[in-house]
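Before any comments, here is the structure.
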Amino acid sequence: MDNIRSLPIEAFDKESLVNRNPHKDFDSVQSQRPDYPLNHTSTYTKSPHPGWKIGDGANSNHWKNEEFISIDPAEEGRPEVLNYKLMISTTVPRPVALVSTITADGKTRNLAPFSYFQCVIADPPLYSLAFAGEHPNDTLRNILDTGELCISMTSDWIIEAANFTSINTPPHISEWNLAGLTPAASAVVKPPFVAESPYSAECKLHSHQEISSKRTGRRTATLVLVEIVRFHIWRQALAEDMATADLSKLRPVFRAGGTTYGTVQSAFEIPRPPPFRNLVQSDAVNTLRNNS
Ligand SMILES: Cc1cc2nc3c(=O)[nH]c(=O)nc-3n(C[C@H](O)[C@H](O)[C@H](O)COP(=O)(O)O)c2cc1C
1 MDNIRSLPIE
11 AFDKESLVNR
21 NPHKDFDSVQ
31 SQRPDYPLNH
41 TSTYTKSPHP
51 GWKIGDGANS
61 NHWKNEEFIS
71 IDPAEEGRPE
81 VLNYKLMIST
91 TVPRPVALVS
101 TITADGKTRN
111 LAPFSYFQCV
121 IADPPLYSLA
131 FAGEHPNDTL
141 RNILDTGELC
151 ISMTSDWIIE
161 AANFTSINTP
171 PHISEWNLAG
181 LTPAASAVVK
191 PPFVAESPYS
201 AECKLHSHQE
211 ISSKRTGRRT
221 ATLVLVEIVR
231 FHIWRQALAE
241 DMATADLSKL
251 RPVFRAGGTT
261 YGTVQSAFEI
271 PRPPPFRNLV
281 QSDAVNTLRN
291 NS
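Given below as structure tokens:
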């Protein structure tokens, strides 16, 4: 257990600058809402408009009544936090990576959630993560110091614990105990992965790039590419092809704007378009050609 009594317990509280929670009394808002559908599965429906044909465009006309507001992100007097809030509430859903790292001295385990997170490419198998702030947070410092991390996916049964790991503990205090999550031993890297998560990836640092503010010239973020060196996935969540995961077993939670999370309770499939050469002589393509 970390020595909480003898070391400082104050850490910089970036969150207080964001004013993220839109509710004065969140508990009372929450109490008015229906219970979470704990037994939901990801039901497959038809796609929104299965009768879509070449050239049909949008499957609804409601967009024609909407009016745009145009915003210059660099507008005089517009604080960056408004661009942040607009980006994270429009660029959704974002997966949430629970990132596990260890300090360079090997003494403290760190765990925190990050939603500036995506797949980049499969050869080599890369994920991207972006860490905000002029000064590295504990996760970034550990990745740069040790070159190692684990990424675990956030399923709905660990979302409260995952959210809590974003607490601003100082570097010597581990979020694992506070969140009540279980470290599972990794095969290749030192940091453990989250035993409760159905999918985790052991990763090594591939490269990183610092990003600076055009206004102040100061560092605002660090973009990190990490390479997967080992996958861990529940047998029951993986198809026989050893490649395809089952949404209804993963029960992933995504991040939206503010304090909002969401789930995938409904999914549909749309095959990729056929090769264009198969369509070149079709009536639909000929009509479009003649009209253009
Ligand atoms: C769902 C969620 C997503 C987050 N995504 C990011 C992110 O992509 N980048 C970032 O710098 N901070 C992000 N944060 C904030 C960090 O988790 C938070 O600053 C945390 O304290 C960092 O922990 P550390 O200092 O132990 O690394 C996110 C927080 C939450 C709850």
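Oh and the sequence shown: position 37 is 37 in the UniProt record's numbering, straight run, nothing missing. All residues carry an ideal CB built from backbone N, CA and C; glycine is no exception.
Pairing Ile159 with Phe276, the inter-Cα distance amounts to about 43 Å. Using a Cβ-Cβ distance cut-off of 8 Å, the stretch 205 to 224 and the stretch 247 to 259 are not in contact, since fewer than three pairs of beta carbons, one from each stretch, lie closer than that value. The beta-carbon separation of Thr154 and Pro113, rounded to 7 Å, stays under the 8 Å limit for a contact. Judged by pairs of C-beta atoms under 8 Å, the stretch 173 to 182 does not touch the stretch 44 to 53, as fewer than three such pairs exist. Linking Leu38 to Ala58 through their CA atoms gives a straight-line distance of about 34 Å. Separation of Ser292 and Leu205 (C-alpha to C-alpha, rounded to the nearest whole angstrom) is 49 Å.
By the Cβ-count criterion, Leu82 is exposed, with fewer than 16 other Cβ atoms from all chains shown falling within 10 Å of its own Cβ. In the three-state scheme derived from DSSP, where H, G and I count as helix and E and B as strand, Ala122 is classed as strand. Boundaries of the alpha helix (DSSP H) harbouring Met87: 80 to 90, taken from the DSSP string. C-alpha of Lys24 to C-alpha of Arg33: approximately 16 Å in a straight line. The C-beta separation of Leu149 from Thr101 comes to about 5 Å, placing the pair in contact by the 8 Å criterion. Ala74 has its alpha-carbon roughly 40 Å from the corresponding atom of Val194. The residue among Ala201, Asn177, Ala11 with its C-alpha nearest the C-alpha of Ser186 is Ala201.
In this structure, the C-beta of Ser213 stays at least 6 Å away from each heavy atom of ligand 1.
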